[in-house]
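Student:
Chains as they are written, first to last, in the numbering used here: chain D, 1 to 411; chain L, 412 to 822.
1. I'd like to know if residue 699/L contacts chain D, where contact means its C-beta is closer than 8 Å to some C-beta of that chain.
2. Measure from the alpha carbon of residue 510/L to the alpha carbon of each residue in 501/L, 525/L and 498/L, then state which is nearest.
3. Please check if any C-beta of chain L sits within less than 8 Å of the C-beta of residue 294/D.
4. Pairing CB atoms from the segment 268–279 of chain D with CB atoms from the segment 208–220 of chain D, are three or more of them under 8 Å?
5. Quick check: residue 564/L and residue 448/L, are their CB atoms within less than 8 Å of each other?
6. Counting only Cβ pairs nearer than 8 Å, list the residues of chain D close to residue 468/L.
7. Is it buried or exposed, residue 443/L, if we count other Cβ atoms within 10 angstroms and call 16 or more buried?
8. In angstroms with no decimal places, state the Cα-to-Cα distance between residue 214/D and residue 567/L.
9. Since residue 532/L meets chain D, which of its residues come closer than 7 Å, beta carbon to beta carbon?
10. Which runs of the beta strand (DSSP E), 3 residues or longer, sit entirely within the segment 437–489 of chain L?
11. Spatial neighbours of residue 717/L within its chain, please: CB distance less than 6 Å, with the 5 preceding and 5 following residues excluded, ordered by chain position.
12. Tell me which residues share the same chain as residue 432/L and place their Cβ nearer than 8 Å to its Cβ, disregarding the 5 neighbours each side in the sequence.
13. Run through DSSP, which three-state label would residue 646/L get?
14. Please compile the residues from chain D whose C-beta is within a distance smaller than 9 Å of the C-beta of residue 496/L.
15. How big is the Cα-Cα spacing for residue 378/D and residue 317/D?
16. Determine, using beta carbons only, whether residue 692/L and residue 417/L come nearer to each other than 8 Å.
17. Answer yes or no: does any C-beta atom of chain D fall closer than 8 Å to that of residue 815/L?
18. Just checking, does the segment 244–262 of chain D make contact with the segment 295–315 of chain D on the three C-beta pairs under 8 Å criterion?
19. Can you find the residues in the same chain that come closer than 6 Å, C-beta to C-beta, to residue 435/L, ignoring five residues on each side of it along the sequence?
20. Give, in chain order, every residue of the segment 770–804 of chain L whose Cβ lies closer than 7 Å to some Cβ of chain D.
21. Specify the secondary structure class of residue 305/D as computed by DSSP and reduced to three states.
22. Against residue 91/D, what residues of chain L qualify as contacts under a CB-to-CB distance less than 8 Å, listed in chain order?
23. Using a Cβ cut-off of 9 Å, pull out every chain D residue sitting near residue 810/L, in sequence order please.
24. Do you know whose CA, among 266/D, 171/D, 243/D and 252/D, lies nearest residue 216/D's CA?
25. Pull the bridge partners of residue 413/D from the DSSP assignment, please.
26. Between the Cα of residue 781/L and the Cα atoms of 695/L, 585/L, 735/L and 579/L, which residue gives the shortest distance?
27. Pick from 362/D, 135/D, 165/D and 45/D: whose alpha carbon is nearest that of residue 13/D?
28. Starting from the beta carbon of residue 766/L, find every residue of chain D whose beta carbon is closer than 9 Å, and list them in chain order.
29. Rounded to the nearest angstrom, what separates residue 210/D and residue 405/D at their Cα positions?
30. Please list the terminal residues of the continuous alpha helix (DSSP H) segment that includes residue 93/D.
31. Could you tell me whether the segment 538–551 of chain L touches the segment 578–587 of chain L, using the rule of 3 or more Cβ pairs below 8 Å?
32. Alpha carbon to alpha carbon, how far is residue 162/D from residue 174/D? Give it in angstroms, no decimals.
33. In this structure, what does DSSP give as the bridge partners for residue 566/L?
34. Please check if any C-beta of chain D sits within less than 8 Å of the C-beta of residue 725/L.
35. Report the residue from 106/D, 278/D, 202/D and 160/D whose alpha carbon sits nearest the alpha carbon of residue 3/D.
36. Would you tell me roughly how many angstroms separate the C-alpha atoms of residue 770/L and residue 126/D, rounded to the nearest one?
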């Protein structure tokens with residue numbers, strides 16, 4: 001599979017996070033000759049929050065995480081790729097239980113303190129006997145620096161590992177936020193992308209972690225789409241070890257604490273970074289496109305119109321063809337079902353206004369806009385002329401490679 | 412462009428309908444060397460009903476038809492291909508007015524008795540001066556037998572003309588129903604496919620025509636999708652000339668009249684025939700797939716789940732790859748947002764049950780189902796295990812050819 005043209009030239013190096021240790025190995029769950037099993041150990045006192053798929057056919061690991069998030073504490077994370085353990089019935093639940101039991105023994109914690117995520121094929125039983133005996137060795141081998149291995153181990157059809165790191169000040173003390181993600185296909189809103197795991201040493205009470213994660217996800221992981229297909233396995237978790245307290249960082253237990261502002265901003269920036277990396281590695285991707293909708297009845301209406309554009313096969317194939325076919329944007333606004341004043345609609349490609357007041361801009365020059373479309377990163381803006389609502393989402397083009405990848409993936 | 416593998420070996424021959432005359436010509440609106448302008452003349456007393464796109468950015472011709480349907484009478488229909496006259500502002504309305512004025516003069520009727528439809532590129536001004544002078548000649552040349560010409564003249568990226576005819580008894584007297592349609596791309600529910608025009612000699616009051624058309628569209632044109640993209644121009648009109656009254660057919664003015672049953676059935680059959688022809692000529696199509704959902708909370712919920720499956724890029728690429736990837740069906744059920752009991756879900760490909768009680772059927776044999784997938788016409792059934800709601804929709808696969816066609820169409 002060709003590597004995405006957006007693959008970073010160099011991967012960011014994530015600094016150690018006190019008490020967080022990682023290890024990955026080749027368990028042979030589905031793939032040959034690549035790492036597919038990840039164990040992350042977390043220090044005592046780690047809090048956790050997360051957002052999980054809204055799918056009505058959520059996987060067994062998602063159900064486990066949803067139940068565990070209520071407790072708010074975490075000591076270990078196990079992730080496998082190659083098999084999603086979704087739609088696997090009672091056996092799926094048993095596989096999760098066997099996995100967390102082995103991980104708990106390896107990490108020296110209770111099973112309820114183990115989070116688990118699986119990504120890959122849906123509907124095939126996941127056999128924990130193929131890998132649970134490896135967790136003890138992973139725990140023994142775990143390193144504070146194995147971030148790149150970890151990002152590799154959670155990949156499926158991804159063509160590059162996704163990592164990001166930021167620092168922020170909390171009460172005057174620097175804290176670190178680092179995360180990894182995977183994506184590629186079955187990427188759509190109403191969720192928290194395929195898999196994303198973010199770690200910080202900030203001392204944050206579990207409800208604070210939960211609130212920060214959900215807020216940041218709304219404009220990052222929940223604002224992207226590759227193919228409109230919401231996965232059964234989407235999981236984004238934020239773990240806060242609290243170890244920065246040793247360096248003087250204040251413990252935050254109130255989600256409205258003003259000292260969180262810089263942290264929340266850095267977290268959203270990091271999650272947007274990871275979310276963009278997911279879209280930029282969308283299956284068959286050649287174009288990365290930001291879609292901004294303004295002038296809608298509400299922000300929620302703007303979001304729905306933006307996704308109607310971002311998910312339209314005809315809009316996405318026009319991007320692939322480098323065709324400034326703004327008529328298809330008009331179509332996608334129309335089918336969204338939200339209020340829009342056709343006769344006040346305006347559309348921009350980059351800085352160029354191509355349509356205004358419900359018809360083609362008299363200054364429109366096809367050649368100029370067509371030249372803009374040859375760029376790899378595009379911005380489309382639409383004003384629908386009825387209110388103040390606005391939203392921005394990110395999508396990619398729909399190429400023949402997307403079809404080839406997905407017509408052949410499982411077989 | 413390669414002709415769809417579903418193209419009929421022979422086109423149906425539509426019989427003359429008393430008083431209905433048709434003519435088409437090459438106006439050069441966008442295409443070269445093919446007919447792109449159609450005029451249909453209808454006898455005095457013709458009633459009309461129709462369903463039009465729900466798009467918020469509907470085209471100028473759609474707005475004209477919506478206003479005219481309130482009157483319930485029709486004497487002429489003008490259709491052009493190559494330009495949709497959508498998102499063309501005041502000039503779009505003026506183009507419609509110029510067109511209907513010329514058509515009314517040619518047909519010897521009032522402008523308000525002329526229906527108009529346009530299909531093709533969105534956002535480019537339609538110049539009526541390029542073709543309105545041709546309408547007089549078309550009226551003079553119009554023939555009762557020119558159905559095939561008519562079906563050709565309304566095509567855009569369609570690879571074959573779409574025609575169908577049926578007869579039914581009305582009060583013991585045979586009446587005829589004949590229709591033409593076009594489709595290919597920008598085909599999705601909540602509408603009445605791109606363009607479909609159906610004609611009958613049955614004597615039916617306008618409200619009866621309207622009711623029959625809307626009911627039949629619900630399970631035919633509104634139950635298909637090629638690419639989930641609802642057009643700005645979708646128009647399905649049913650014209651009833653009433654000329655069968657001369658042969659003794661009763662005039663029906665009450666929509667609940669039991670004598671309509673056989674007619675309504677034949678009409679729905681004809682509209683399903685045309686709707687299937689549209690899907691079977693979907694851009695790049697290789698597979699025609701029926702999706703049946705049972706066991707949903709309501710028929711409407713079943714419809715939404717069925718369309719979630721039918722529109723999923725991952726499901727459609729799996730069909731293209733002849734891959735019985737039912738895990739993606741599970742995903743699409745889950746993302747629909749409707750009630751579904753994951754642990755009672757069952758899935759069939761053809762007669763083969765592949766999943767039951769929330770996991771893979773123990774009798775599942777990949778080879779057998781994979782062999783079934785090599786067929787051109789496929790049936791998928793899903794029972795979601797919560798109620799009695801059911802619905803059936805039709806879709807096609809998503810192929811690399813769809814992408815090529817749409818990446819290059821306008822440029």
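The C-beta atom is built at its ideal place from N, Cα and C for all residues, glycine as well.
All figures in this text were calculated on a predicted structure; none of them were measured in a lab.
Tutor: Judging by the given coordinates:
1. Residue 699/L is outside the set of residues whose beta carbon lies under 8 Å from a beta carbon in chain D.
2. Measuring from the Cα of residue 510/L, the nearest candidate turns out to be 525/L.
3. By this cut-off, residue 294/D is not an interface position.
4. Taking 8 Å as the limit for Cβ pairs, the verdict is that the segment 208–220 of chain D does touch the segment 268–279 of chain D.
5. yes
6. 330, 331, 333, 334, 340, 342 and 345
7. exposed
8. Each residue's alpha carbon lies about 46 Å from the other.
9. 327
10. 448–452 and 458–463
11. 702, 704, 802 and 804
12. 451, 452, 553, 554, 555 and 557
13. strand
14. The contacting residues do not exist; residue 496/L stays about 11 Å from chain D at best.
15. 14 Å
16. yes
17. yes
18. no
19. 446, 449, 560, 561 and 564
20. 770 and 771
21. helix
22. 770
23. 400, 403 and 407
24. 266/D
25. The first residue shown for chain D is 1 and the last is 411, placing residue 413/D beyond what the model contains.
26. When each option's Cα is compared against that of residue 781/L, the closest is 735/L.
27. 165/D
28. Here the neighbours are 87 and 123.
29. 35 Å
30. 89–107
31. Using a C-beta cut-off of 8 Å, the segment 538–551 of chain L makes no contact with the segment 578–587 of chain L, since fewer than three inter-stretch Cβ pairs fall below that distance.
32. So the two alpha carbons sit approximately 24 Å from each other.
33. According to DSSP, which records beta bridges pairwise, residue 566/L is partnered with nothing at all.
34. yes
35. 160/D
36. Between the alpha carbons of residue 770/L and residue 126/D lies a gap of roughly 12 Å.
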